[in-house]
Every structure is written in structure tokens, then in C-alpha cells.
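Structure, as C-alpha cells:
Written out as C-alpha cells, the structure is:
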């Protein structure tokens, strides 16, 4: 693995980090990780299949859920080859081009998940605060436009900083902090001017993840205000129960991101294993938990899955 100044860095490789100090236990660690990835891929594929095949689920709420499941499925597919490759002893390095591609998808899908969660909060706001206009506001055409806007917002704006990674001079040891590639991890290894990437990435996080979280919070303040205005207690409970799955999905997405940020910022004294573990939690927890949350908490999804496994078609 060369790190000399004259090296052709477009063809250079980077060493992926598994669980430092636990190399002898990788075969055992691989078992739960393989199980988690299997659940991620099967769980999200099942959600997509159920929504596609069940005519009664062809509604705005479930279209957004399908977007969320597709995002989680792609997140699992984008990292499975490096995470399990290390644990099964199949790979230990990744090329610069592959690393840049993986970081593009990881960050783009993270922004996409945040955007979809924001769209789902808008869906719940309209359903509870303006139910009579729900069908006229969230038409199929509007949902398609929202989906296209989410994809453009998630992947177009990160392209400049990701492309610049290709032309940086990586003079420091080519050892990544995780078993997958992140933009900030590659920046740590370069001696080039990273001011644009640092400030642009910070602005992007503020304008996406932070803005989305604030807008989701505002939507739930308005939802709570509307629910509390309902006279019947049973109706209040019923209205708020429609939001429980989404609230859980929001927490499952944002808590790992905040935790990983705190560990990177204030946990430099912690074991490298903690950093690696938190990185994997950030990558795997939302794709793992979202199908479980919606299968348990959403009656329509739960009943359709039960019929699917019992062999009933209708």
C-alpha cells in the first residue's frame, strides 16, 4: 500500500478497519453481523413486496414507507460487501474509486432517509390536521414529484465534495476508521486543501439533517396541538397512534447519528472498538429496525404479512 508523493492515487488502496484487537474473534462476530444484514435485506424487501402487491396499501402513507424501505435496502447493499468481507476474511482493502463510490452512496442515502422521514411527517400532519383535503393534497403526481425532489436533493448536492476526493493528495497512512468509507474519514488522510469540502459538508448537514429534524419537530408540535383539540379521548389516542411508527423511525435514525457525532467529538479517549461499533450502529440500526417497527405498529402491514406467511392470498 503505497503512500509516496509520486504514487498514482487514483489506483491506491485503503486499509479497512474491522474491530481492532478482536481479529481472532472475527468468525464469531461475523455470525450476528451476517444475521443482521440478512434481516435488513429480507425485512425491507418484504415491506416493498407487501406494499407492491396489496392494493389497499396503495396510499400516500405507504408510498412513503416504500421509499424508506428502498433507502434502507440500498444502505444495506452499499456496505454489506466491506463489513462482512472483513469479518469473513475475504477483503481487507478497498480502492480509492470504490471508496469514493461507497461514501457517495452512504451519505446520499443518509440524506435521503432524512428527507423521506420529513415527507412522512408532512403526510401525518396533513392526515391529522387537514384530513378532508388529504387526498387532494397528496395526489400520486405530487408524491412522484416529491420522490424525484428527494433523490435530487440527496444525491446532487453532495456530488461536488465527493468528486473532489478523487483529486486529493493522500499522504497520510491509508488506514480508514471504519469497515466502510466516509467522506470525513478520507479528509483525515489527505494533505490537500480541504476547506471547501469541510465548510460545504457542514453547510449541507445543516441544510439537510438539522433542518429536517427541526421541521419534523415543528410538524409534531402542530400535530400535538391538533390532537389535543379533539374532544374525545379515544379519538385523540387513535389519531396519535397513527404517528407512533414514524416517531420510532425518526428516533432510530437521529439518535445513532447524534451518538456517533458525540463519540467522534468527545470520545477520543474511548477504545477504537467503540468508534467502530457506533459507526456500524449508525449504518445498520435504521435499516434493521424500520421493517420491525412498521410490521409491529402498523396494522395494515402486520395483517398482510400474517396472511403472507399463512399462505392466504387475500
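Residue numbers (full-length UniProt numbering): 1 to 314. Glycine residues also receive a C-beta, built at the ideal position from the N, C-alpha and C atoms. Treat the numbers as computed from the prediction; the structure is a model and nothing was measured.
Endpoints, alpha helix (DSSP H) assigned at residue i
i	result
residue 292	272–297
residue 159	159–164
residue 267	Run containing residue 267: none; DSSP gives neither H nor E here.
residue 147	140–155
residue 134	134–137
Contact under 8 Å by Cβ, residue i with residue j
i	j	result
residue 192	residue 168	yes
residue 17	residue 263	no
residue 103	residue 187	no
residue 85	residue 40	no
residue 286	residue 44	no
residue 147	residue 67	yes
residue 223	residue 129	yes
residue 310	residue 208	no
residue 51	residue 42	no
residue 150	residue 127	no
residue 179	residue 185	no
residue 260	residue 289	no
residue 121	residue 216	yes
residue 111	residue 143	no
residue 296	residue 304	no
residue 100	residue 165	yes
residue 245	residue 293	yes
residue 190	residue 220	no
Buried or exposed by the 16-neighbour rule on C-beta atoms within 10 Å, applied to residue i
i	result
residue 306	exposed
residue 299	exposed
residue 6	Legend: pLDDT at residue 6 = 39, less than 50; position of this residue unreliable, value from coordinates given subsequently. Exposed, since its Cβ has fewer than 16 Cβ neighbours within 10 Å.
residue 11	Any reading at residue 11 is ruled out, since the residue's pLDDT is 47, under 50, leaving its predicted position unreliable.
residue 2	Here the model assigns residue 2 a pLDDT of 39, short of 50, so the residue's position is not dependable, and the following value carries that caveat. Flag for residue 2 reads exposed.
residue 23	exposed
residue 162	buried
residue 124	buried
residue 80	buried
residue 106	buried
residue 27	exposed
residue 38	exposed
residue 335	Within the shown structure, residues of the chain are numbered from 1 to 314, placing residue 335 beyond reach of any answer.
residue 234	exposed
residue 87	buried
residue 82	buried
residue 8	The pLDDT assigned to residue 8 is 40, lower than 50, so where the model puts this residue is not dependable, and the model offers no usable value.
residue 108	buried
residue 33	buried
residue 274	exposed
residue 116	buried
residue 140	exposed
residue 256	buried
residue 78	buried
residue 97	exposed
residue 65	buried
residue 227	buried
residue 206	exposed
residue 4	At residue 4 the pLDDT is 41, less than 50, meaning the model places this residue with poor confidence; the figure from the coordinates comes in the next sentence. So residue 4 ends up on the exposed side.
residue 243	buried
residue 20	exposed
residue 199	exposed
residue 237	exposed
residue 138	buried
Start-to-end residues for the beta strand (DSSP E) that takes in residue i
i	result
residue 13	13–15
Identified DSSP bridge partners for residue i
i	result
residue 175	15
The ligand GTP heavy atom lying under 7 Å from the CB of residue i
i	result
residue 95	Among the components of this structure there are no ligands whatsoever, and the ligand GTP is therefore not found.
Start-end ranges of the alpha helix (DSSP H) lying completely within the segment 177–241, minimum 4 residues:
Those alpha helix (DSSP H) runs which fall completely within the segment 177–241 and span 4+ residues are 183–187, 195–205, 211–228.
Enumerate, from N- to C-terminal direction, the unbroken beta strand (DSSP E) stretches of 3 or more residues contained entirely within the segment 38–98.
The beta strand (DSSP E) runs lying completely inside the segment 38–98 and spanning 3 residues or more are 93–95, given in chain order.
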